[in-house]
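Participant: Residue numbers (full-length UniProt numbering): 1 to 207.
Before I ask anything, let me first share the structure, which is written out below as structure tokens.
Encoded structure:
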């Protein structure tokens, strides 16, 4: 091997560099194409996704519209349903007369009950008044009896204090004296001398 030739430690490095540069350029080109294709695919997917979302939103709105009717349409339907559910009842003349008869019967029963209640109250009041009058009469009678007893007691005590006259003594008395004796004994002093004498004699004999 000649000495003037230098040994290339890289072992053909220039060819390797050339091949590497070409491969790198080719690889870069492929990478660029792949990246462009990937971006294009992603853009298509994004567009498809937006279309589906818009379509789904439209479908949701349509479903909501169909599921939730407007207020303006709901009221007539509700009114119609209520009208069908509650038919108008027509009252006949016979039913009207029966109702009037029932009301009249109720009114009559109430009037009878009120009249009965008033009669019972009046009876109770009359009984109470009768009892009060009876009690008052008994009390008055007791008072009279007590007064009579008092008078009798007073008369007896008075009679004890008045001296008793005999028949002969009375006959000897003048009319004025007989009146005083009768007056003292609480007797009537009207009449002639004969009446006064008879009255005084009778009283003295009963003592």
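Built from N, CA and C at the ideal position, the CB exists for glycine as well.
All of these numbers come straight from a predicted model, not from anything done at the bench.
Quick one: what's got a C-beta closer than 8 Å to residue 98's C-beta in the same chain, skipping five residues either side?
Facilitator: For residue 98, where only same-chain residues beyond five positions count, there are no Cβ hits under 8 Å.
Participant: DSSP state of residue 197, grouped into three classes?
Facilitator: DSSP places residue 197 in helix when its eight states are reduced to three.
Participant: Drop a sphere of 10 angstroms on the beta-carbon of residue 115, count the other beta-carbons inside from all chains shown, and report buried for 16 or more, exposed for fewer.
Facilitator: Exposed: under 16 other Cβ atoms inside 10 Å.
Participant: Round the Cβ separation of residue 204 and residue 172 to the nearest angstrom and send it over; I've been treating them as touching at under 8 Å.
Facilitator: With 8 Å as the limit, residue 204 and residue 172 do not qualify as a contact, their Cβ atoms being about 14 Å apart.
Participant: Using the beta-carbon count (16 or more within 10 Å), is residue 181 buried or exposed?
Facilitator: Residue 181 comes out buried.
Participant: One question on the structure: do residue 175 and residue 193 come within less than 8 Å of each other, judged by their Cβ atoms?
Facilitator: Yes, these two residues count as a Cβ contact at 8 Å.
Participant: Tell me whether residue 179 is buried or exposed, calling it buried when 16 or more other Cβ atoms sit within 10 Å of its Cβ.
Facilitator: Result: buried.
Participant: Helix or strand or just coil, what does DSSP make of residue 92?
Facilitator: Residue state, collapsed to three classes: coil.
Participant: Using only the alpha-carbon positions, how far apart do residue 129 and residue 146 sit?
Facilitator: If I take the Cα positions, the gap works out to 26 Å.
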